[in-house]
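Protein chains in written order, with this note's numbering: chain A, 10 to 237; chain B, 10 to 237; chain C, 10 to 237; chain D, 10 to 237. Built from N, CA and C at the ideal position, the CB exists for glycine as well. Shown next, in structure tokens, is the structure this report addresses.
There are 4 protein chains.
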Amino acid sequence: MTKLSHSSSPQPLDAQSSGLRRQPKQRRGKERVEKILDAAAAVFDEIGYESATTHLIAAKAGASVGSLYQFFPDKAAIFQAMELRHVERVKTMWAEVDTPETIQLPLRPMIHKLVTAVTKLFEQPVSRVVFVQFYIAREIFQSIDDSLTQEAINFTASLLQQRNPKLAEAQCQLLSEVCVHSSNAVILAALRTDDLQHRQQLTQQIENLLVSYLEPYMEPCSEATHET
Amino acid sequence: MTKLSHSSSPQPLDAQSSGLRRQPKQRRGKERVEKILDAAAAVFDEIGYESATTHLIAAKAGASVGSLYQFFPDKAAIFQAMELRHVERVKTMWAEVDTPETIQLPLRPMIHKLVTAVTKLFEQPVSRVVFVQFYIAREIFQSIDDSLTQEAINFTASLLQQRNPKLAEAQCQLLSEVCVHSSNAVILAALRTDDLQHRQQLTQQIENLLVSYLEPYMEPCSEATHET
Amino acid sequence: MTKLSHSSSPQPLDAQSSGLRRQPKQRRGKERVEKILDAAAAVFDEIGYESATTHLIAAKAGASVGSLYQFFPDKAAIFQAMELRHVERVKTMWAEVDTPETIQLPLRPMIHKLVTAVTKLFEQPVSRVVFVQFYIAREIFQSIDDSLTQEAINFTASLLQQRNPKLAEAQCQLLSEVCVHSSNAVILAALRTDDLQHRQQLTQQIENLLVSYLEPYMEPCSEATHET
Amino acid sequence: MTKLSHSSSPQPLDAQSSGLRRQPKQRRGKERVEKILDAAAAVFDEIGYESATTHLIAAKAGASVGSLYQFFPDKAAIFQAMELRHVERVKTMWAEVDTPETIQLPLRPMIHKLVTAVTKLFEQPVSRVVFVQFYIAREIFQSIDDSLTQEAINFTASLLQQRNPKLAEAQCQLLSEVCVHSSNAVILAALRTDDLQHRQQLTQQIENLLVSYLEPYMEPCSEATHET
DNA sequence: TATGAATGAGACTTCATTCAT
DNA sequence: GATGAATGAAGTCTCATTCAT
Numbered sequence: 010m011t012k013l014s015h016s017s018s019p020q021p022l023d024a025q026s027s028g029l030r031r032q033p034k035q036r037r038g039k040e041r042v043e044k045i046l047d048a049a050a051a052v053f054d055e056i057g058y059e060s061a062t063t064h065l066i067a068a069k070a071g072a073s074v075g076s077l078y079q080f081f082p083d084k085a086a087i088f089q090a091m092e093l094r095h096v097e098r099v100k101t102m103w104a105e106v107d108t109p110e111t112i113q114l115p116l117r118p119m120i121h122k123l124v125t126a127v128t129k130l131f132e133q134p135v136s137r138v139v140f141v142q143f144y145i146a147r148e149i150f151q152s153i154d155d156s157l158t159q160e161a162i163n164f165t166a167s168l169l170q171q172r173n174p175k176l177a178e179a180q181c182q183l184l185s186e187v188c189v190h191s192s193n194a195v196i197l198a199a200l201r202t203d204d205l206q207h208r209q210q211l212t213q214q215i216e217n218l219l220v221s222y223l224e225p226y227m228e229p230c231s232e233a234t235h236e237t
Numbered sequence: 010m011t012k013l014s015h016s017s018s019p020q021p022l023d024a025q026s027s028g029l030r031r032q033p034k035q036r037r038g039k040e041r042v043e044k045i046l047d048a049a050a051a052v053f054d055e056i057g058y059e060s061a062t063t064h065l066i067a068a069k070a071g072a073s074v075g076s077l078y079q080f081f082p083d084k085a086a087i088f089q090a091m092e093l094r095h096v097e098r099v100k101t102m103w104a105e106v107d108t109p110e111t112i113q114l115p116l117r118p119m120i121h122k123l124v125t126a127v128t129k130l131f132e133q134p135v136s137r138v139v140f141v142q143f144y145i146a147r148e149i150f151q152s153i154d155d156s157l158t159q160e161a162i163n164f165t166a167s168l169l170q171q172r173n174p175k176l177a178e179a180q181c182q183l184l185s186e187v188c189v190h191s192s193n194a195v196i197l198a199a200l201r202t203d204d205l206q207h208r209q210q211l212t213q214q215i216e217n218l219l220v221s222y223l224e225p226y227m228e229p230c231s232e233a234t235h236e237t
Numbered sequence: 010m011t012k013l014s015h016s017s018s019p020q021p022l023d024a025q026s027s028g029l030r031r032q033p034k035q036r037r038g039k040e041r042v043e044k045i046l047d048a049a050a051a052v053f054d055e056i057g058y059e060s061a062t063t064h065l066i067a068a069k070a071g072a073s074v075g076s077l078y079q080f081f082p083d084k085a086a087i088f089q090a091m092e093l094r095h096v097e098r099v100k101t102m103w104a105e106v107d108t109p110e111t112i113q114l115p116l117r118p119m120i121h122k123l124v125t126a127v128t129k130l131f132e133q134p135v136s137r138v139v140f141v142q143f144y145i146a147r148e149i150f151q152s153i154d155d156s157l158t159q160e161a162i163n164f165t166a167s168l169l170q171q172r173n174p175k176l177a178e179a180q181c182q183l184l185s186e187v188c189v190h191s192s193n194a195v196i197l198a199a200l201r202t203d204d205l206q207h208r209q210q211l212t213q214q215i216e217n218l219l220v221s222y223l224e225p226y227m228e229p230c231s232e233a234t235h236e237t
Numbered sequence: 010m011t012k013l014s015h016s017s018s019p020q021p022l023d024a025q026s027s028g029l030r031r032q033p034k035q036r037r038g039k040e041r042v043e044k045i046l047d048a049a050a051a052v053f054d055e056i057g058y059e060s061a062t063t064h065l066i067a068a069k070a071g072a073s074v075g076s077l078y079q080f081f082p083d084k085a086a087i088f089q090a091m092e093l094r095h096v097e098r099v100k101t102m103w104a105e106v107d108t109p110e111t112i113q114l115p116l117r118p119m120i121h122k123l124v125t126a127v128t129k130l131f132e133q134p135v136s137r138v139v140f141v142q143f144y145i146a147r148e149i150f151q152s153i154d155d156s157l158t159q160e161a162i163n164f165t166a167s168l169l170q171q172r173n174p175k176l177a178e179a180q181c182q183l184l185s186e187v188c189v190h191s192s193n194a195v196i197l198a199a200l201r202t203d204d205l206q207h208r209q210q211l212t213q214q215i216e217n218l219l220v221s222y223l224e225p226y227m228e229p230c231s232e233a234t235h236e237t
């Protein structure tokens, strides 16, 4: 078992926060880090974290192992850098969605907005890989990610409560938990297919799923809109 | 990377279908295989397939590596035996559910029946492990499992169509796909928590989710029932 | 730099004291440990600790790396096992020398006894290697050995003081320090030559060196006894 | 294992003797070589030759690896340059000591002169490192150093014989060998302590040690002959 | 048949050395 | 000339698998 600890030992202090061994100053260096991260995402996606070898990742990135290790102290750090990126993107996405306008939107458009955003997120191999690998052996990922799903649930719950302040917090949490898990699963399934039409149909259905699930809890006054 | 191919090398032909090197005739042998399989499931569950070592599995099973290799030609075969078990259970479960009475049931009780059955399935470490590991690195599992999800969708679709023959097949497939993926995800999430009350609440919510999603497609005549 | 820490992680508790990963129960296992230790001593002696590779050691021991790692958790542990052995031998030797008869002996015979014992000790590659390697990078050897030289000095000092109680302790310490360092160096030099006659001459000279150095501090009353 | 052969590859012929890739004509270059050599000595002293990395040396010298390789063809060349320096110093020291006045000196002052000179030599990290590293893995240092100890013995023997021509050459050699080895060891031990008073005491004792050892062989007039 | 010691391919990682800038 | 990013050979260690007992 490879321990995925936040590696720490001999690295410049200011680089620690990024998990990188060396903060690439040059454009070339940054490009290389990108390339490695993308290559790693591709490899992790294909064969999983444990099966991926550092040589394979380096080769796929068009670099040598040594080069890889110039930026990442160890294999785990590569994954952690991906986690970091993923978390950043998720937070950015939330910030973009969490606006007054969103809350004001009718349920379906709001859900469409959310589902679209999450889909866009998971279209990125890096995020997809982090999300999926995390499922396998959560014990060994000692990182920020631990709480990310919970945060996602909290975020969604807060949206729900803003829409309908009458809902109890526990209620919102429960609904959100279901929405987050189910939509993530279906979105991932949708992204797995190469048939674009099918993919769109699935995406559409996720929205239906969530709308029909949440509608009863939203605005009892206004009439629901059920057009598929 | 360990390739998870259907191992083939030197084994009696008639044993191949079971993935076992040797069909244990003796009761002691069968018990040992069970123990190993259970131990492996526990270990895979905890640290993942790749991180699990044959020694660890053997130790947890109270056996020696040598003994393990007496029954399984290689590590992959252990997983494949688990897949086999899983598939058997799934098929048995389907057979139990796929009865005239089930089709006649109102939507919610039928869904309750299904969700309960799947939950019971995933309560078994072996099945949970097979299902989850499969997600992580699908490319390396060249096995029966590949099609199992599709079969699950087909099965569910057939239930739907039996309930409402007016629905187009494609429609049923799409609805089923969404139901299968989303319910699996939430059931797994439910099983992950130790809080039994929370688990029950989640299970309840999965049913709500599916009912509210499928209801519009089911009974054109009667009025929907929306009580949580 | 290779850190030579007392490795610890996954090993049976009762093996920890010996530094071995597994306490070889079988005769075969014990022989193998012996062989590995001897091979390692030879290799360390020839090319030094850092330059020695685990493969080289294993090959010289007629074993495989894997076998080596079955007994020793890491490369450092091999050296530490050698240290342990060395310390044991040193202590045994001291115990054998530290008897009333020894103290009663005239100076030269006593020194002869000591020098002979130390020479016999250093004839063993294991002890020689531990002693010599220790010189190079004392920082990285975090072991019992740290204090061994000091203990040797203390031991010798105690012998001196027993012989002549009028000597101040500090005086004894100082004399011992000189004797220990100088005799070790010359003994080592003697052992380095293949010319047996030369070796004997050198050994003889060490005794002369120590006798002439210590004589003035020994018998204040009687006239020195110079018979060889 | 890094082979410490006299590197040879692409370097101007006339530079070979100095072990340098390029004879730095500029003052800046010479300074840099000095800095690198001092840095290397410090690093070798602390963690040993093998554990020292070229990057660490360069960093300690305030230079870059590239710069280091501008002056030294490989890591071994750095050590060899140090050996060269050491040999030069030793020879210079000998030249300074090997004068008529020295021979005329009474034994103790002469020994004091010698011990002081050697101590001053070993105070230099470069010389200390060369001397000590040489002990650890003599086989891999294929250099001038091989014979240096022998030369030291010869030199000392010649001093002895000049003082007392009656002594047989073999006798002188033997006495010198003992003196050289033992004094080196004690001087090194003295330099290892930070306690200055203790250091002085030890130095004083080395002189006592050598004087008492050699005295019997020195007296041309008196009856002192202590034939072994 | 059961055991677990032995094997060695292969993974991760370091670091001497090169070379483009 | 100086720099430090890039390279990849080589070292340490693990673990699936075999085989003697």
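Next on the checklist: Using only the alpha-carbon positions, how far apart do Pro174 (chain C) and Val135 (chain C) sit?
Outcome noted: Their Cα atoms are separated by approximately 36 Å.
Next on the checklist: Within a Cβ cutoff of 7 Å, which residues of the same chain sit near Ala67 (chain D), ignoring the five residues on either side of it in sequence?
Outcome noted: When the five nearest sequence neighbours on each side are left out, the beta carbons in the same chain lying within less than 7 Å of the beta carbon of Ala67 (chain D) are those of Ser73, Val74, Ser76, Leu77, in order along the chain.
Next on the checklist: Between Gln159 (chain A) and chain B, is the shortest Cβ-Cβ distance under 9 Å, so that the two count as touching?
Outcome noted: Interface annotation, Gln159 (chain A): not in contact with chain B, CB-CB separation never under 9 Å.
Item to check | Cβ neighbour criterion (16 or more within 10 Å) applied to Leu93 (chain A) | outcome: Leu93 (chain A) should be labelled buried.
Checklist entry - Does the Cβ of Lys3 (chain B) have 16 or more other Cβ atoms within 10 Å, making it buried, or fewer, making it exposed? => result Because chain B in this structure spans residues 10 to 237, residue 3 (chain B) falls outside the shown range and cannot be described.
Checklist entry - Hey, does Glu224 (chain A) have any beta-carbon neighbour from chain B nearer than 9 Å? => result True, the Cβ-Cβ gap to chain B drops below 9 Å.
Next on the checklist: Can you confirm whether Asn163 (chain C), when its beta carbon is compared against all beta carbons of chain D, has any partner nearer than 9 Å?
Outcome noted: No, because no Cβ of chain D sits closer than 9 Å to the Cβ of Asn163 (chain C).
Next on the checklist: Quick check on this structure: which residue in C:Phe88, C:Glu224, C:Leu197 has the alpha carbon closest to the alpha carbon of Thr212 (chain C)?
Outcome noted: Ranking C:Phe88, C:Glu224, C:Leu197 by Cα distance to Thr212 (chain C) puts C:Leu197 first.
Next on the checklist: Quick check: Phe140 (chain B) and His95 (chain B), are their CB atoms within less than 9 Å of each other?
Outcome noted: Less than 9 Å separates the beta-carbon of Phe140 (chain B) from that of His95 (chain B).
Item to check | Reference Phe80 (chain B), options B:Pro109, B:Ala194, B:Val42, B:Trp103, closest by Cα | outcome: With distances taken between Cα atoms, Phe80 (chain B) lies closest to B:Val42.
Item to check | chain C within 9 Å of Ser18 (chain D), Cβ atoms only | outcome: Here the model assigns Ser18 (chain D) a pLDDT of 40, short of 50, so the residue's position is not dependable, and the following value carries that caveat. Taking Cβ atoms only, chain C never reaches closer than 9 Å to Ser18 (chain D), which makes this a no.
Item to check | Cβ neighbours of Ala177 (chain C) in the same chain (closer than 7 Å, five flanking residues each side left out) | outcome: For Ala177 (chain C), there are no CB contacts under 7 Å within the same chain when 5 residues up- and downstream are skipped.
Item to check | C-alpha distance - Pro19 (chain A) paired with Glu59 (chain C), whole-angstrom precision | outcome: For Pro19 (chain A), the predicted structure reports a pLDDT of 39, less than 50, and the residue's modelled location is therefore unreliable. A value from the coordinates is still provided. Roughly 21 Å between the two C-alpha positions.
Item to check | Proximal chain B residues relative to Gln142 (chain A), where beta-carbon distance stays under 7 Å | outcome: The answer, in chain order, is Ile145.
Checklist entry - What in chain A is Cβ-close to Val195 (chain B), meaning under 9 Å? => result Simply Glu186, Val187, His190, Ser191, Ala194.
Checklist entry - How would you label Phe88 (chain B), buried or exposed, when you count the other beta carbons within 10 angstroms and need 16 or more for buried? => result Burial call: buried.
Checklist entry - Candidates B:Val106, B:Cys188, B:Gln182: which alpha carbon is nearest His207 (chain A)'s? => result If you compare the alpha carbons of B:Val106, B:Cys188, B:Gln182 with that of His207 (chain A), the shortest gap goes to B:Gln182.
Next on the checklist: I'd like to know whether the C-beta of Ala85 (chain C) is nearer than 9 Å to at least one C-beta of chain D.
Outcome noted: Contact with chain D is absent for Ala85 (chain C), since none of that chain's Cβ atoms lies less than 9 Å from the residue's Cβ.
Next on the checklist: I'd like to know if the stretch 160–167 of chain B and the stretch 153–169 of chain A are in contact, where contact means that at least 3 CB-CB pairs between them fall below 8 Å.
Outcome noted: With the cut-off at 8 Å, the stretch 160–167 of chain B and the stretch 153–169 of chain A do not touch.
Item to check | Same chain, Cβ closer than 7 Å to Ala50 (chain B), neighbours up to 5 away in sequence not counted | outcome: Result list for Ala50 (chain B): Met91, Pro134, Val135, Val138, in chain order.
Checklist entry - Among the residues of its own chain, which have a CB less than 8 Å from the CB of Arg37 (chain B), if the five just before and after it don't count? => result Correct list: empty, nothing qualifies.
Item to check | Where the alpha helix (DSSP H) through Gln170 (chain A) begins and ends | outcome: 157–172 is the extent of the alpha helix (DSSP H) around Gln170 (chain A).
Next on the checklist: Pop quiz: Leu116 (chain C) and Leu223 (chain C) are said to be a contact at Cβ under 8 Å. What is the actual Cβ separation, rounded to whole angstroms?
Outcome noted: The C-beta separation of Leu116 (chain C) from Leu223 (chain C) comes to about 6 Å, placing the pair in contact by the 8 Å criterion.
Next on the checklist: To the nearest angstrom, how far is the alpha carbon of Pro109 (chain D) from that of Phe143 (chain D)?
Outcome noted: Pro109 (chain D) and Phe143 (chain D): Cα-Cα distance of roughly 32 Å.
Next on the checklist: Judging by CA-CA distance, which residue of D:Arg172, D:Glu186, D:Val99 is the nearest neighbour of Pro114 (chain D)?
Outcome noted: In the sequence under discussion, the amino acid at residue 114 (chain D) is Leu, which differs from the Pro named in the question. Here the closest residue by C-alpha is D:Arg172.
Checklist entry - Would a check of beta-carbon distances place Leu221 (chain D) closer than 9 Å to chain C? => result Checking the sequence, you will find Ser at residue 221 (chain D) rather than Leu. Residue-level contact check: Ser221 (chain D) touches chain C, since one or more beta carbons of chain C fall below 9 Å from its beta carbon.
Next on the checklist: Quick check: Ala70 (chain B) and Asp47 (chain B), are their CB atoms within less than 9 Å of each other?
Outcome noted: Going by C-beta atoms, Ala70 (chain B) is nearer than 9 Å to Asp47 (chain B).
Item to check | Beta-carbon proximity list for Cys188 (chain A), same chain, < 8 Å, skipping 5 on both sides | outcome: Only Thr165, Leu219, Tyr222, Leu223 meet the Cβ criterion.
Checklist entry - Excluding sequence positions up to five away, which residues of its chain have a Cβ less than 6 Å from the Cβ of Ser231 (chain A)? => result Interpretation of Ser231 (chain A) is limited by its pLDDT of 47, a score under 50 that renders its predicted location unreliable; the figure taken from the coordinates is listed afterwards. Short of 6 Å from the beta carbon of Ser231 (chain A), and not among the five residues preceding or following it, lies no beta carbon of its own chain.
Item to check | Alpha-carbon spacing of Met227 (chain B) relative to Thr158 (chain A), whole angstroms | outcome: Straight-line Cα distance between these residues: approximately 33 Å.
Item to check | Three-state class that DSSP yields for Gly57 (chain A) in the structure shown | outcome: In the displayed model, Gly57 (chain A) falls within coil according to three-state DSSP, outside both helix and strand.
Item to check | Contact set between Ala198 (chain A) and chain B, taken where Cβ atoms lie within less than 8 Å | outcome: Within chain B, the C-beta atoms nearer than 8 Å to that of Ala198 (chain A) come from Glu186, His190, in chain order.
Checklist entry - For Pro225 (chain D), does the three-state DSSP call read helix, strand or coil? => result Helix, per DSSP.
Next on the checklist: Does Ser156 (chain B) pass the burial test, meaning 16 or more other C-beta atoms within 10 Å, or should it be called exposed?
Outcome noted: Ser156 (chain B) should be labelled exposed.
Item to check | For Val127 (chain B) and Ser192 (chain B), believed in contact at Cβ under 8 Å, the rounded distance | outcome: Right, their Cβ atoms sit about 7 Å apart.
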